[in-house]
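A short worksheet on the structure shown next.
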Amino acid sequence: MSEQPIEPTSREAGHDRRKEHVVPELPPGVSPARVRTFVRRGRLSSLTKERVERLAPARSLPDGPFDAAHAFGRTAPLVLEIGCGHGHAAIAYAAAFPEHDIVAMDVHTPGLARMLADADEAGVPNLRVEIGDAVLFLEERVADATFDAVHLFFPDPWRKQKHTKRRFVSPANLDLLARVLKPGGHVLIATDQDFYAEHALAEVAAHPRFEAHRVDRPQWRPRDGFEAKGIAVGRTINELRLHLLP
Ligand SMILES: C[S@@+](CC[C@H](N)C(=O)[O-])C[C@H]1O[C@@H](n2cnc3c(N)ncnc32)[C@H](O)[C@@H]1O
Numbered sequence: 097m098s099e100q101p102i103e104p105t106s107r108e109a110g111h112d113r114r115k116e117h118v119v120p121e122l123p124p125g126v127s128p129a130r131v132r133t134f135v136r137r138g139r140l141s142s143l144t145k146e147r148v149e150r151l152a153p154a155r156s157l158p159d160g161p162f163d164a165a166h167a168f169g170r171t172a173p174l175v176l177e178i179g180c181g182h183g184h185a186a187i188a189y190a191a192a193f194p195e196h197d198i199v200a201m202d203v204h205t206p207g208l209a210r211m212l213a214d215a216d217e218a219g220v221p222n223l224r225v226e227i228g229d230a231v232l233f234l235e236e237r238v239a240d241a242t243f244d245a246v247h248l249f250f251p252d253p254w255r256k257q258k259h260t261k262r263r264f265v266s267p268a269n270l271d272l273l274a275r276v277l278k279p280g281g282h283v284l285i286a287t288d289q290d291f292y293a294e295h296a297l298a299e300v301a302a303h304p305r306f307e308a309h310r311v312d313r314p315q316w317r318p319r320d321g322f323e324a325k326g327i328a329v330g331r332t333i334n335e336l337r338l339h340l341l342p
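Quick note: the sequence shown uses the working numbering, first residue 97, plus one each step.
Have a look at this one:
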């Protein structure tokens with residue numbers, strides 16, 4: 097897992113509306129599949145660097161094509177969390193389901209460094225971490241029918257109409273998820289932004305490989321972060337489950 101000198105921030109993507117003016121426009125000619133669902137930001141702190149150097153080697157995925165048996169040393173039900181942030185949900189999942197394996201991904205190194213420290217404390221031998229863009233990871237390193245489930249909790253909402261193409265739930269990314277999910281697999285999405293839930297439901301309704309259902313919140317997921325903040329300001333937490341159709 098390599099350190100990245102350039103960092104994205106999620107607040108600029110819509111959770112903090114004051115920051116929206118700094119989000120760069122898409123360059124002309126960029127295809128939707130290459131649109132970044134995150135934005136960049138600055139340097140890493142010495143604490144982040146220290147945590148990554150000390151703790152990442154034991155939990156990083158080996159380079160090259162993703163091989164779950166090699167990464168985890170066993171074959172087990174396999175989950176990918178995309179945009180795991182500081183990783184509380186991924187650690188809780190790994191602890192609640194020790195018979196499953198989970199890969200937690202984000203481009204935000206400080207969050208992942210904090211997750212590495214928390215995971216070290218929690219144990220959770222069934223958790224691996226990957227720093228990078230999940231779209232590139234899935235496109236370039238993941239074979240068809242690899243994951244049993246994909247988790248997408250509180251994705252950057254990209255509130256402005258002109259940033260719609262940056263929302264993770266898009267036709268191109270649904271194609272990608274359909275390819276990497278095993279038959280019968282599913283995607284769990286949680287969002288405190290009603291417009292994002294409506295966006296996701298509309299995209300899924302137009303996609304031939306998924307069917308969306310509103311579901312109860314998973315009991316194992318900690319009630320913190322964006323969920324707690326959303327509830328505190330009176331928002332509904334939308335829980336969606338996308339079933340991969342045969
Ligand atoms: C709003 S935050 C939510 C973080 C976490 N799920 C939580 O609930 O606290 C969204 C996260 O998704 C990450 N993200 C967005 N697009 C991504 C991508 N293509 N690959 C990996 N991470 C991504 C961002 O860096 C950010 O940390």
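Beta carbons are placed, not taken as given, at the ideal position from N, Cα and C, and that holds for glycine.
Asked: Can you find a heavy atom of ligand 1 that lies under 6 Å from the Cβ of Val231?; Found: yes
Asked: If you measure between the beta carbons of Met211 and Gly228, is that distance less than 7 Å?; Found: no
Asked: Tell me which residues share the same chain as Glu299 and place their Cβ nearer than 6 Å to its Cβ, disregarding the 5 neighbours each side in the sequence.; Found: Val265
Asked: If you run the structure through DSSP and keep just helix, strand and coil, what is Lys73?; Found: This structure cannot settle anything about residue 73, because the visible part of the chain is limited to 97 through 342.
Asked: Kindly list the residues whose CB is nearer than 7 Å to the CB of His295, restricted to its own chain and excluding five residues on each side of it in sequence; keep chain order.; Found: Arg263, Val265
Asked: Between Leu273 and the rest of its own chain, which residues show a CB-CB distance below 7 Å, the 5 nearest in sequence each way excluded?; Found: Val246, Val283
Asked: Going by beta carbon distance, what residues of the same chain come within less than 7 Å of Gly330, once the five residues before and after it are set aside?; Found: none
Asked: How many Å lie between Arg147 and Trp316 at the Cα?; Found: 26 Å
Asked: Below 6 Å, is the gap between the Cβ of Phe193 and the nearest heavy atom of ligand 1?; Found: no
Asked: Anyone know if the C-beta pair for Phe243 and Val276 falls short of 7 Å?; Found: yes
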